[in-house]
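In the working numbering, the protein residues as written are 201 to 337.
Just so it is clear, CB atoms sit at the ideal spot from N, CA and C, and this is done for glycine as well.
Just below is one structure, and these are the notes that go with it.
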């Protein structure tokens, strides 16, 4: 199973849920995961999507604290969602090394974000990493 693809599908799912607020979350999740027919790590996908949705307020507070010059409503939805996924992984997924979660997010930003998205996301996640892992250098 491909975790990179799982993150990508989770990002697309969260974007669609965000864009179509009030939609049937379960229907969107099921449709998106089945579109990739067995190539998505379903357990990881559900962990990320459900975790981001459940903890979105907390994740957005972390983003706001780590990027004070960027009010959360001025961050593009795709960049915000990529950050939410990465921060959720950094806080709650102990099987993924922090650098992998950060690198994966930067790759998603290069692929789906604006020209400067990857630099922005790298900077915000660098701050988050230092906050969550102060013992690391």
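Hey, how far is the Cα of residue i from the Cα of residue j?
| i | j | result |
| --- | --- | --- |
| residue 274 | residue 242 | 32 Å |
| residue 271 | residue 262 | 12 Å |
| residue 209 | residue 281 | 12 Å |
| residue 334 | residue 327 | 10 Å |
| residue 232 | residue 336 | 37 Å |
| residue 289 | residue 301 | 7 Å |
| residue 245 | residue 319 | 25 Å |
DSSP puts residue i in a beta bridge; with which residues?
| i | result |
| --- | --- |
| residue 328 | Paired residue(s): none; residue 328 is not in a bridge. |
| residue 240 | 202 |
Cβ of residue i within 8 Å of Cβ of residue j?
| i | j | result |
| --- | --- | --- |
| residue 304 | residue 207 | yes |
| residue 279 | residue 317 | yes |
| residue 283 | residue 249 | no |
| residue 205 | residue 247 | no |
| residue 369 | residue 332 | In this structure the chain extends from 201 to 337, so residue 369 is not present and cannot be described. |
| residue 360 | residue 321 | Here the chain covers residues 201 to 337 and nothing more, so residue 360 does not appear. |
| residue 239 | residue 202 | yes |
On a CA-only basis, which of the options is nearest residue i? Give me that one, please.
| i | options | result |
| --- | --- | --- |
| residue 257 | 216, 285, 313 and 334 | 285 |
| residue 212 | 319, 311, 330 and 324 | 311 |
| residue 221 | 238, 295 and 277 | 277 |
| residue 298 | 234, 329 and 217 | 329 |
Would you call the segment 222-230 and the segment 261-275 in contact, with 3 or more CB pairs under 8 Å?
-> no
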